[in-house]
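K.L.:
A single structure is presented below for examination.
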Amino acid sequence: MPIHEKSLIRPEDLETHDDMVLDGVDVSGHWSTFIKTRVVSDYNEALEEEIAALPGGEHIHRCWQCGSCTNSCTVNAVNPDFNPRYWIYLIRMGMESELLRDKDIIWQCVSCNKCTYACPRDVFPEGVMKATSHWLERKGHTPKSPSTHFDEVFTEQVVATGKIEESRTMRRFFTRTKQALMQDWMVEMVKRMLRGLPVGMLTRMGLATLVAPRTSDWSRASAAIQEYIDEQHEEQENALNLAQLVETAKRDAA
Amino acid sequence: MSKPILIVGGGPAGLAAAHSFATVGKKAVIVEKEDRLGGAPILSGYAKLVPSGEWASDAIGGMVTRVEQAANVDVETGATVTGFDGTPGNFTAELSNGKKFEAEAAILCSGFTHFDSVNKPEWGFGTFEDVVTTTQVEQMISSGQGVRCPSDGRKPERVAILLCVGSRDRQIGREWCSKICCTVSANMAMEIREELPNCHVYIYYMDIRTFGLYETKYYWQSQEEFKVKYIKARIAEVTSDGDKLIVKGEDTLVKRPITIPFDMVVHAIGMDPNVDNPSIAETFGIDLEQHGFIDVANRYGAMGETSRPGVYVAGAATGPETIDDSIAQGHGTAMAVLSGLGEISKSA
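The listed protein sequences correspond, in order, to chains A and B.
Number 215 in the numbering used here belongs to position 215 of the first sequence; there are no gaps in the numbering.
Number 113 in the numbering used here belongs to position 113 of the second sequence; there are no gaps in the numbering.
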């Protein structure tokens with residue numbers, strides 16, 4: 001529902017009581033409906049800082065709520081609930097519970113970057129959407145998305161070998177996302193390729209599958225990249241206070 | 001041409017006009033009701049000025065020294081004008097201290113009066129110690145004491161600045177925009193963040209009017225570099241839970257009521273017409289405009305003409321004005337006075 005059509009009072013914030021008497025007056029049933037409080041009683045200043053600590057979210061504090069991002073948004077055109085302007089505001093003011101209501105829509109950003117070009121303040125809303133999706137995943141609010149799995153297998157392979165071997169990337173991706181290794185479209189593709197009998201190419205593919213190709217003298221570059229990744233990862237873990245989150249979860253479980 | 005020009009008020013506009021006359025060798029008399037020159041920036045203890053970033057005591061203090069050292073400018077402090085009669089080129093002025101002198105023309109540089117926040121009781125000024133005005137925060141900064149909660153001297157961790165206090169408010173008969181409070185507040189927010197990096201500053205606004213080049217240096221910089229937060233909400237009331245101040249209102253961008261705790265609430269107070277304007281108007285026989293500021297009669301003729309020939313006006317006496325523009329008007333009106341006198345001597 002577009003935001004301007006939203007009711008000030010959500011259906012789930014309405015309460016009716018089957019059996020309730022107040023000061024001797026029977027107020028049961030639908031004719032006397034109670035409304036849960038919808039007052040914002042504090043700002044969570046940490047939320048903006050957490051999103052800003054993730055790649056893409058760095059410039060969120062520049063936003064002055066003009067709405068250019070939402071107006072130019074590809075996804076908003078088909079799903080009026082997809083509203084970057086609104087989420088940026090919720091994050092900046094620290095309205096976390098409100099943001100979490102939309103956790104299953106935020107990842108739908110298609111990264112067309114129309115908002116990036118429309119934004120007069122260079123907030124990079126597309127980056128903020130990416131950072132927010134990652135924030136939701138890392139805080140455990142949403143499961144790892146397929147695209148995150150793909151990014152991970154891709155990165156792991158590049159760091160390890162300096163090269164991409166597509167079939168390996170695909171296999172690992174399917175394994176991690178618990179998909180069948182033999183996808184119908186893949187079988188069909190191989191069949192058609194075999195029909196043309198490109199001997200040389202098939203040989204190279206076969207070899208690459210057996211022996212992982214590596215960039216020569218890669219180990220030092222690999223170590224440097226890995227160090228940078230670890231450093232970034234640690235910084236983000238700290239910014240998001242994840243260690244403490246895990247600690248609390250453990251204590252609650254025990 | 002030995003008679004001086006009467007300048008009423010020794011603030012930025014009056015000092016600029018006096019300097020202009022001093023430079024061309026024309027005599028001038030500044031009549032200032034307070035005991036020293038400088039006007040609001042000095043008397044109210046402003047800190048760093050917009051947009052130069054210079055301390056008011058240095059910048060305006062320098063203008064005061066320059067005028068005090070000028071041989072052909074007399075200064076009458078602690079005095080007001082009680083009588084003003086005659087025609088252009090031949091006025092007689094009487095002062096409250098009994099002095100009487102002839103003058104060729106007069107420039108009213110009588111400025112403004114800060115809005116008194118007790119007139120907005122729902123915003124807690126006068127009820128809660130930690131509700132202060134922009135002027136008080138300016139003094140905290142300029143005195144070197146730093147921004148502290150008046151109740152117990154602690155460093156605030158969360159400050160709210162409320163814009164349009166005494167401006168754009170028909171309820172209290174003040175329809176005008178005071179023009180500079182948005183910029184002053186953005187500047188103040190940055191100063192607070194600079195002194196107290198752990199203090200979060202929120203600005204509650206209806207519109208942000210950091211006009212012209214102030215946009216980059218104040219509005220944008222305060223958000224981009226100092227992470228000041230702007231919330232579109234007109235506050236309904238400021239109360240207290242006994243521990244913190246509670247700011248109530250509606251966040252219009254999410255259509256939700258808010259009740260947020262703060263350590264300190266700052267009123268960005270507006271500019272009222274000088275409280276003495278009715279008597280000034282009577283003494284000088286000039287008109288006030290509908291809000292009570294001194295009316296400018298002819299916008300496209302000589303600078304600062306009032307409804308009475310030979311009596312001019314410059315600076316915030318005409319309506320809310322920046323310090324820079326007040327200074328420019330002071331200089332410009334001095335020029336208008338000189339050319340007006342030239343006209344008189346030509347026709348004589």
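Ideal Cβ positions, reconstructed from N, Cα and C, are used throughout, including at glycine.
Would the beta-carbon of I269(B) fall within 9 Å of that of V228(B)?
P.N.:
Taking the first residue of the second sequence as position 1, residue 269(B) is located at position 269. Taking the first residue of the second sequence as position 1, residue 228(B) is located at position 228. At the C-beta level, I269(B) and V228(B) stay beyond 9 Å of one another.
K.L.:
Applying the 10 Å Cβ sphere with the 16-neighbour rule, what's the burial state of I229(A)?
P.N.:
For the purposes of this step, residue 229(A) is identified with residue 229 of the first sequence, where counting begins at 1. In summary, I229(A) is exposed, with fewer than 16 beta-carbon neighbours lying within 10 Å of its beta-carbon over all protein chains present.
K.L.:
Let me check one thing: in DSSP terms, what residues is H267(B) bridge-paired to?
P.N.:
For the purposes of this step, residue 267(B) is taken as the residue at position 267 of the second sequence. Partner(s): T133(B), L162(B).
K.L.:
Let me know the alpha helix (DSSP H) ranges lying completely inside the stretch 194-277 of chain B, each 4 residues or longer, listed in chain order.
P.N.:
The qualifying runs are 221-224.
K.L.:
Whole angstroms are fine: how far does the CA of P125(A) sit from the CA of K114(A)?
P.N.:
Residue mapping note: residue 114(A) aligns to position 114 of the first sequence, counting from 1. Residue mapping note: residue 125(A) aligns to position 125 of the first sequence, counting from 1. Each residue's alpha carbon lies about 9 Å from the other.
K.L.:
Going along chain A, which residues have a C-beta under 7 Å from L253(B)?
P.N.:
Here residue 253(B) corresponds to residue number 253 of the second sequence, with the count starting at 1. Under the 7 Å cutoff, chain A gives Q65, Y89.
K.L.:
Work out the CA separation of V110(A) and T169(A) for me, nearest whole Å.
P.N.:
What you label residue 169(A) is simply residue 169 of the first sequence in a count that begins at 1. What you label residue 110(A) is simply residue 110 of the first sequence in a count that begins at 1. Approximately 22 Å between the Cα atoms of the pair.
K.L.:
In the stretch 98-113 of chain A, which residues sit with their C-beta less than 8 Å from some C-beta in chain D, listed in chain order?
P.N.:
You won't find chain D in this structure, because its protein chains are A and B.
K.L.:
Going along the chain, which residues of the stretch 53-81 of chain A sit with their C-beta nearer than 9 Å to a C-beta in chain B?
P.N.:
H59, H61, R62, C63, W64, Q65
K.L.:
Excluding the five sequence neighbours on either side, which residues of its own chain have a C-beta within less than 6 Å of the C-beta of I258(B), listed in chain order?
P.N.:
Taking the first residue of the second sequence as 1, we reach residue 258(B) at position 258. Result list for I258(B): G249, D251, in chain order.
K.L.:
How is L22(A) classed by DSSP in three states: helix, strand or coil?
P.N.:
Within the first sequence, the letter at position 22 stands for residue 22(A). In the structure shown, L22(A) sits in a strand (DSSP, three-state: E or B).
K.L.:
Would E45(A) count as contacting chain B if we go by Cβ distances under 9 Å?
P.N.:
The residue you call residue 45(A) lines up with position 45 of the first sequence. Yes - at least one Cβ of chain B is within 9 Å of the one on E45(A).
K.L.:
In whole angstroms, give me the CA-to-CA distance for R148(B) and M140(B).
P.N.:
In the second sequence, counting from the first residue as 1, residue 148(B) sits at position 148. In the second sequence, counting from the first residue as 1, residue 140(B) sits at position 140. One C-alpha to the other measures close to 8 Å.
K.L.:
To the nearest angstrom, how far is the alpha carbon of S307(B) from that of I5(B)?
P.N.:
One-based indexing of the second sequence puts residue 307(B) at position 307. One-based indexing of the second sequence puts residue 5(B) at position 5. Each residue's Cα considered, the two are about 18 Å apart.
K.L.:
How close, in whole Å, do the beta carbons of G45(B) and S142(B) come, if the pair is a contact with beta carbons under 8 Å?
P.N.:
Locating residue 45(B) in the second sequence gives position 45, counting from the first residue. Locating residue 142(B) in the second sequence gives position 142, counting from the first residue. About 5 Å; that satisfies the 8 Å criterion.
K.L.:
Taking the straight line between their C-alpha atoms, what separation do you get for G242(B) and I260(B)?
P.N.:
Sequence index remark: in the second sequence, residue 242(B) carries index 242 (1-based). Sequence index remark: in the second sequence, residue 260(B) carries index 260 (1-based). About 14 Å.
K.L.:
When you compare each of A79(B), I42(B), A47(B) to T434(B) by their alpha carbons, which one comes out closest?
P.N.:
The structure shown does not extend to residue 434(B), since chain B spans only 1 to 348, so no value can be given for it.
K.L.:
For Q236(A), which residues in the same chain have their Cβ closer than 7 Å to its Cβ, ignoring the five residues on either side in sequence?
P.N.:
Taking the first sequence and counting its residues from 1, the one referred to as residue 236(A) is at position 236. Correct list, in chain order: A53, L54.
K.L.:
Considering only their Cβ atoms, is the gap separating G319(B) from A13(B) smaller than 9 Å?
P.N.:
As a working note, residue 13(B) is residue 13 in the second sequence. As a working note, residue 319(B) is residue 319 in the second sequence. Using a Cβ distance threshold of 9 Å, A13(B) and G319(B) do not count as a contacting pair.
K.L.:
Helix, strand or coil for K346(B) per DSSP?
P.N.:
Here the question's residue 346(B) lines up with position 346 in the second sequence. It is helical.
K.L.:
Between P309(B) and the rest of its own chain, which residues show a CB-CB distance below 6 Å, the 5 nearest in sequence each way excluded?
P.N.:
Position 309 of the second sequence, counted from the start, is the residue given in the question as residue 309(B). Excluding sequence neighbours, P309(B) sits near P88.
K.L.:
Report the neighbours of V123(A) on chain B: residues whose CB is nearer than 8 Å to its CB, in chain order.
P.N.:
On the first sequence, position 123 is the one that residue 123(A) refers to. Here the premise fails: no neighbours, minimum Cβ distance about 10 Å.
K.L.:
R138(A) to F174(A), Cα distance in whole Å?
P.N.:
Mapped onto the first sequence, residue 138(A) falls at position 138. Mapped onto the first sequence, residue 174(A) falls at position 174. Cα to Cα, the separation comes out at about 21 Å.
K.L.:
Am I right that R214(A) and T148(A) are in contact with their C-beta atoms under 8 Å? What's the rounded C-beta distance?
P.N.:
The count along the first sequence starts at 1 and reaches residue 214(A) at position 214. The count along the first sequence starts at 1 and reaches residue 148(A) at position 148. Incorrect: roughly 26 Å between the Cβ atoms, too far for contact.
K.L.:
Can you find a C-beta in chain A that's less than 9 Å from the C-beta of E122(B)?
P.N.:
As a first step, residue 122(B) must be located in the second sequence, where it is residue number 122. Judged by the 9 Å Cβ criterion, E122(B) is not in contact with chain A.
K.L.:
Does the separation of the CB atoms of L341(B) and E195(B) fall below 9 Å?
P.N.:
Position 341 of the second sequence, counting from 1, holds the residue named residue 341(B). Position 195 of the second sequence, counting from 1, holds the residue named residue 195(B). No, the Cβ-Cβ distance between L341(B) and E195(B) is not below 9 Å.
K.L.:
If we cut at 9 Å on Cβ distances, does V39(A) have a partner in chain B?
P.N.:
Looking up residue 39(A) in the first sequence gives position 39. Output row for V39(A): interface = yes.
K.L.:
Beta-carbon within less than 6 Å of S178(B)'s beta-carbon, same chain only, minus the 5 sequence neighbours each way: which residues are those?
P.N.:
As a working note, residue 178(B) is residue 178 in the second sequence. Beyond the five residues adjoining it in sequence on each side, S178(B) comes within less than 6 Å, by CB distance, of S167, G270, M271, P320 in the same chain, given in chain order.
K.L.:
On the CB-based measure, 16 or more other CB atoms within 10 Å of its CB, does I164(A) come out buried or exposed?
P.N.:
Locating residue 164(A) in the first sequence gives position 164, counting from the first residue. Answer is exposed; the Cβ neighbour count stays below 16.
K.L.:
Below 9 Å between beta carbons: does that hold for T70(A) and N79(A)?
P.N.:
Translated into positions along the first sequence, residue 70(A) becomes position 70. Translated into positions along the first sequence, residue 79(A) becomes position 79. Contact: no.
K.L.:
Would you say the stretch 180-196 of chain B touches the stretch 292-299 of chain B, given that touching needs at least three Cβ pairs under 8 Å?
P.N.:
no
K.L.:
Ordered along the chain, which non-local residues of its own chain (more than five positions away) have a Cβ less than 6 Å from that of K100(B)?
P.N.:
What you label residue 100(B) is simply residue 100 of the second sequence in a count that begins at 1. Excluding residues within five positions, the ones whose Cβ falls inside 6 Å are E94.
K.L.:
For E231(A), count the other beta carbons within 10 Å of its own beta carbon; 16 or more makes it buried, fewer makes it exposed. Which is it?
P.N.:
Counting from one through the first sequence, the residue named residue 231(A) turns up at place 231. It is exposed - the Cβ of E231(A) has fewer than 16 other Cβ atoms within 10 Å.
K.L.:
By the 10 Å Cβ neighbour count, where 16 or more other Cβ atoms means buried, how is K26(B) classified, buried or exposed?
P.N.:
Numbered from 1 along the second sequence, position 26 holds the residue referred to as residue 26(B). Buried, by the Cβ-count rule.
K.L.:
Check whether the Cβ of R92(A) lies closer than 9 Å to any Cβ atom in chain B.
P.N.:
One-based indexing of the first sequence puts residue 92(A) at position 92. Under the 9 Å criterion on CB atoms, R92(A) is classed as interfacial with respect to chain B.
K.L.:
Can you give me the start and stop residues for the beta strand (DSSP E) that A105(B) sits inside?
P.N.:
By one-based count along the second sequence, residue 105(B) stands at place 105. Element bounds for A105(B): 105-108.
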